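Numbering (our numbering), first residue to last: 77 to 188.
Don't be surprised by glycine CBs; every beta carbon is placed ideally from N, CA and C.
Bear in mind that the values here come from a model prediction, so they are computed numbers and not experimental data.
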């Protein structure tokens, strides 16, 4: 799980993250070649993840799932985590759906 959260936090999950995170960091590190190399390496990993349709945030979420329909999830391989995400997504449960519900729940609980 930590691997995927670190990937998401450090690298991002989409092309918009390239502009927001990596281009800014690269511009700020032009005077430090070692730092610029690290930014470029991170950018390469992000692009690789995007091309391979790897979403670290979703994979990190999938590692938190104990069971589905009473069946315990014990295989935390990348392949099985992707299957879990697809299974849930096909049934309407996505990270965005969860975020919206959590936000609505937080707002409602502060009103009470």
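Contact set for residue i: own chain, Cβ-Cβ below 6 angstroms, skip 5 residues either direction
i, result
"residue 178", "none"
Integer Cβ distance of residue i from residue j, believed to fall under 8 angstroms
i, j, result
"residue 149", "residue 142", "7 angstroms"
"residue 123", "residue 90", "Not really, about 11 angstroms apart at Cβ, beyond 8 angstroms."
Reference residue i, options the options, closest by Cα
i, options, result
"residue 171", "131, 113 and 115", "131"
"residue 155", "109, 128 and 113", "128"
"residue 94", "115, 152 and 160", "115"
"residue 145", "152, 153, 186 and 160", "160"
Sequence-distant residues of the same chain with beta carbon closer than 7 angstroms to residue i, five excluded per side
i, result
"residue 137", "171"
Beta-carbon proximity list for residue i, same chain, < 8 angstroms, skipping 5 on both sides
i, result
"residue 106", "112"
Inter-stretch contact at 8 angstroms, needing at least 3 Cβ pairs: the segment 87-101 / the segment 117-128
Touching, yes, given that three or more Cβ pairs across the two stretches are closer than 8 angstroms.
Please give the ranges of any alpha helix (DSSP H) in the segment 117-181, keeping only runs that are unbroken, at least 4 residues long and fully inside the region.
For the segment 117-181, whole alpha helix (DSSP H) runs of length 4 or above, ordered along the chain, are 132-139 and 154-166.
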